[in-house]
Amino acid sequence: MSSFKSPRGVRDILPPETARWRALESQFAGVCERAGYGELVSPMFEDAGVFARLGEDTAVVSKEMYDFFDKKGRRMALRPELTASAARAFIEHHPEVPWKVWYSGPQFRYEQPQAGRYRQFMQVGIELFGVDDPHSDVEVIALGWEFLRSLGLQDMTLLVNTLGDSESRSAYAGVLGDYLAESELSEASVETALKNPLRVLDSKREQDQQVIAGAPSCLDHLTSEAADRFAAVRSGLDALGISYEVSPRLVRGLDYYTHTAFEYVSNSLTSAQNALGGGGRYDGLIEALGGTSTAGIGFALGADRILLACDTEETFLLSETLLDVFIVDITDGQAALTLSQELRSAGISADRAWGSRSLKAQMKAANRSNARFALIVGTDEQASGTVSVKDLETSQQTQISQDAIVEHLQSRLKQL
RNA sequence: GUGGCCGUAGCUCAGUCUGGUUAGAGCGCCGGGUUGUGGUCCCGGAGGUCGGGGGUUCGAAGCCCCUCGGUCACCCCA
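Residue numbers for the first sequence follow this note's numbering, so the first one is 367 and each next one is one higher.
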């Protein structure tokens, strides 16, 4: 019989690495909650229609959705992203605006896996509904940036662009479409150009690079309102001292974006998967999902990639797990059994060795456990109702009565 | 979905080109170095259907085909 392995493109995260994931999430939670965002927990799957509205010709919807029919024949989909779910929740519960939420959790896309790209991947992100003040764009962009910086990441670039309002966007799409129609594009891009010319700007094919470099800029086709709005966002970022690059080629993959679009790029990741996260304004999304017109902006960050970038920048590394005591019992094991329980109830972290292994073997285990103290119970201690407390850093050892052990350890741990 | 590279002990890898007795190393793990003491050192040990299946051959980790997985690029995006 063959044994099972995890499916393609998904993976296990084991301890101690899981502690790093939890630390990342809790740091993100802290950053968000200090800015007035509350946590949103939404379902892992939704009616597939929720995601279909993201744009019928985006690959996320047309090719990569993990969709299925449930037992009643309803078409459901594992969420490929969280903005649509958040928008659906917003419409369903009509909370008061501004509605500021953060989230964290797995998303699913049926893609060709490679480093930094998995079929189940973890994102953290925020959404801010009901505000179209340009300073809200600045708050959101800055929050993501500060979070990434707080992890110790240095080698990053913030890219900012605007797609303008729908008037600007369609004017630009027309101009760009005309330009592309007369250019020598790769075969695949010719097709893309017909459906959504903006998306061609994302192409990395060698053949398209020259065409893209010479393409008209979306910034030249903004209405004056859209241009003013972008200027306000930029001056807000300037005021906060956040440096960024204006990237007129930055068009985000999902169709619901309007106005501000941004991306956090890691320069330390050499692969094509170097975008740590991105987001933008999606003022039309709520309406597309059947709600009343509401402004919105948010971002999502890929936790898998963030940790890859942390690896290459050697930051946010796994800290050693610390343990207060490790119990070594070379008698009948009764002391290990009761002591570990007693210490844990008193708030002292305690681990122990199993089986009747030699003192030497148990001391090795104690050392490996990173415990500060080893509690040793041998025949002498058992006879006298004591326990030997060995400081594993200084190697100093004292014998303490079992009745006084909790108090003794508490005071010594407090002194550290 | 398309193409390139890769898959040997828990981990990192040698061995594959030039098929040939019991498949190796380092780290890790387990045990020992005499009465009950970890980290260093010394000695010993366990652990592998060579990703899986089929084929060629007297003989396959090695050659061929298929398949699964990883990785890189396109694509897509976080």
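Quick reminder that beta carbons are idealized off the backbone N, C-alpha and C, glycines included.
Item                                                                                                                          : Value
DSSP three-state assignment for W511, whether helix, strand or coil                                                           : helix
G471 versus L705: straight-line alpha-carbon distance, rounded                                                                : 38 angstroms
In chain order, each alpha helix (DSSP H) run of at least 4 residues that lies wholly inside the stretch 721-776              : 725-734, 745-750
Distance, V755 Cα to S369 Cα                                                                                                  : 46 angstroms
G602: first and last residue of the uninterrupted alpha helix (DSSP H) it sits in                                             : 590-605
Segment contact flag, the stretch 605-621 with the stretch 502-512, C-beta cutoff 8 angstroms, min 3 pairs                    : yes
Short Cβ contact (9 angstroms threshold) for A581 with R615                                                                   : yes
Any 3 or more C-beta pairs closer than 8 angstroms across the stretch 696-704 and the stretch 715-731                         : yes
Alpha helix (DSSP H) segment containing T424, residue limits                                                                  : From DSSP, T424 is part of no alpha helix (DSSP H); its letter is neither H nor E.
Assigned secondary structure, K466 (DSSP; H/G/I helix, E/B strand, else coil)                                                 : strand
Whole-angstrom C-beta distance between D413 and M431, which should lie under 8 angstroms                                      : Incorrect: roughly 12 angstroms between the Cβ atoms, too far for contact.
Residue nearest to L673 in terms of C-alpha spacing, selected from I714, G482, E653                                           : G482
E679 vs D521 beta-carbon contact at 9 angstroms                                                                               : yes
Spatial distance of R647 from T626 (CA atoms)                                                                                 : 5 angstroms
Neighbourhood of I714 by C-beta distance below 8 angstroms, restricted to the same chain and skipping five residues each side : D690, V691, V772, L775, Q776, L779
Proximity test, G491 beta-carbon vs the ligand PLP heavy atom, cut-off 8 angstroms                                            : For the ligand PLP, the structure offers nothing, since it holds no ligand at all.
Backbone CA spacing between A395 and G650 [nearest angstrom]                                                                  : 27 angstroms
Of the residues T528, Q728, A666, R400, the one placed nearest A695, counting alpha carbons only                              : Residue 695 is actually Asp in this sequence, not Ala. D695 has its Cα closest to that of Q728, out of T528, Q728, A666, R400.
Segment contact flag, the stretch 478-492 with the stretch 559-578, C-beta cutoff 8 angstroms, min 3 pairs                    : no
Residue nearest to F596 in terms of C-alpha spacing, selected from S534, G375, P500, L524                                     : P500
Beta carbon of F487 nearer than 9 angstroms to that of Q473                                                                   : yes
Ordered list of alpha helix (DSSP H) runs contained in the stretch 652-720, each at least 4 residues                          : 669-678, 700-711
Nearest candidate by alpha-carbon position, reference F513, set A425, E553, Q393, E708                                        : Q393
Alpha-carbon to alpha-carbon, R571 and P464                                                                                   : 42 angstroms
Span separating the alpha-carbon of E548 from that of G439                                                                    : 47 angstroms
When K730, E383, K726, F739 are compared against A716, the one with the closest alpha-carbon                                  : F739
Close-in-space but distant-in-sequence residues of the same chain around C676 (CB under 8 angstroms, 5 per side omitted)      : L517, G518, L519, F682, L683
DSSP beta-bridge partners of T636                                                                                             : Looking at the DSSP assignment, T636 forms no beta bridge with any residue, so it has no partner.
R400 versus G510: straight-line alpha-carbon distance, rounded                                                                : 13 angstroms
A453 and L588 closer than 9 angstroms at C-beta                                                                               : no
Cross-strand partners of E492 (DSSP beta bridge)                                                                              : Sequence inspection shows Ile at residue 492; the Glu mentioned does not correspond to that position. W468, F665, per the DSSP bridge assignment.
Between the CA atoms of T624 and A559 - distance to the nearest angstrom                                                      : 19 angstroms
Counted within 10 angstroms of its Cβ, other Cβ atoms place N736 as buried (16 or more) or exposed                            : exposed
Close beta carbons around S634, own chain, < 6 angstroms, minus the five adjacent residues each side                          : D521, A675, T678, E679
Alpha-carbon spacing of A389 relative to R671, whole angstroms                                                                : 15 angstroms
Pairwise C-alpha distance: R445 and T764                                                                                      : 58 angstroms
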